[in-house]
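Single-structure report; data block below.
In the numbering used here, the protein residues as written are 1486 to 1714.
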């Protein structure tokens, strides 16, 4: 969490317009309150405790507590690039309802996210949200999907379209994307909305892609009827 907050403090966007909501277990939030209660860099830092809840329930809970006009999602193993919040605000100002951006890999103490190897690996893993063709709506390039650690939208939009949690830690992201797209919303891809996700070879080779395979398997079993609800 501290690495993520330090990355947010380097944003080119005015920090006094940023409300931070940290969501985790009660043990985690107790520690965060002690560490960040006197932080004055942001408009505010709030905590929200959820015990025995899944990943997407935490995201729903945090977003429902937000007071701003835009809600942006990231994770504690992600460090947004300095242009992240500015790109989000710019996309919304230009007419987008939802903005998505490229996810990169970062290797603490190792390769930079700009290295050729991590660029290739991030393209393999995270490259699909940009889509296969150049589809534009209202002069904004449309995103073909999003990663839950790098997506933002109007708060009013999220109030109507939340993560479905009945399937646990799987497939809620494509279901939310489909709900947004079916509602005709403008889902824009912002090239400067960049976020660096933690990378290790064990994580990339074993945990991440096995989980993706399991999610795709479940999406196919779920069927088109559930996808469009």
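For each residue, glycine too, the CB sits at the ideal point set by N, CA and C.
Query: Nearest to residue 1696 (by Cα), restricted to the options 1654, 1601, 1513 and 1569; Result: 1654
Query: Residues that DSSP places opposite residue 1565 in a beta bridge; Result: 1680
Query: Run of the beta strand (DSSP E) containing residue 1725, from where it starts to where it stops; Result: Since the first residue of the chain shown is 1486 and the last is 1714, residue 1725 is not available in this structure.
Query: Alpha helix (DSSP H) segment containing residue 1519, residue limits; Result: 1511 to 1521
Query: Beta carbon of residue 1587 nearer than 8 Å to that of residue 1611; Result: yes
Query: Distance between beta carbons of residue 1495 and residue 1679, contact taken as under 8 Å; Result: The pair is not a contact, with the Cβ atoms about 12 Å apart (cut-off 8 Å).
Query: Opening and closing residue of the beta strand (DSSP E) in which residue 1588 lies; Result: 1588 to 1591
Query: Residues near residue 1485 by beta carbon distance below 7 Å, same chain, minus five either side; Result: A question about residue 1485 goes unanswered here, because the residues of the chain that appear run from 1486 up to 1714.
Query: Outcome for residue 1489 when other beta-carbon atoms lying within 10 angstroms are tallied against a minimum of 16; Result: buried
Query: Residues near residue 1636 in its chain [Cβ-Cβ closer than 6 Å; skip 5 each side]; Result: 1558 and 1585
Query: Integer-rounded CB distance, given that residue 1535 should sit under 8 Å from residue 1508; Result: 6 Å
Query: Residue 1558 - partner residues in DSSP beta bridges; Result: 1636
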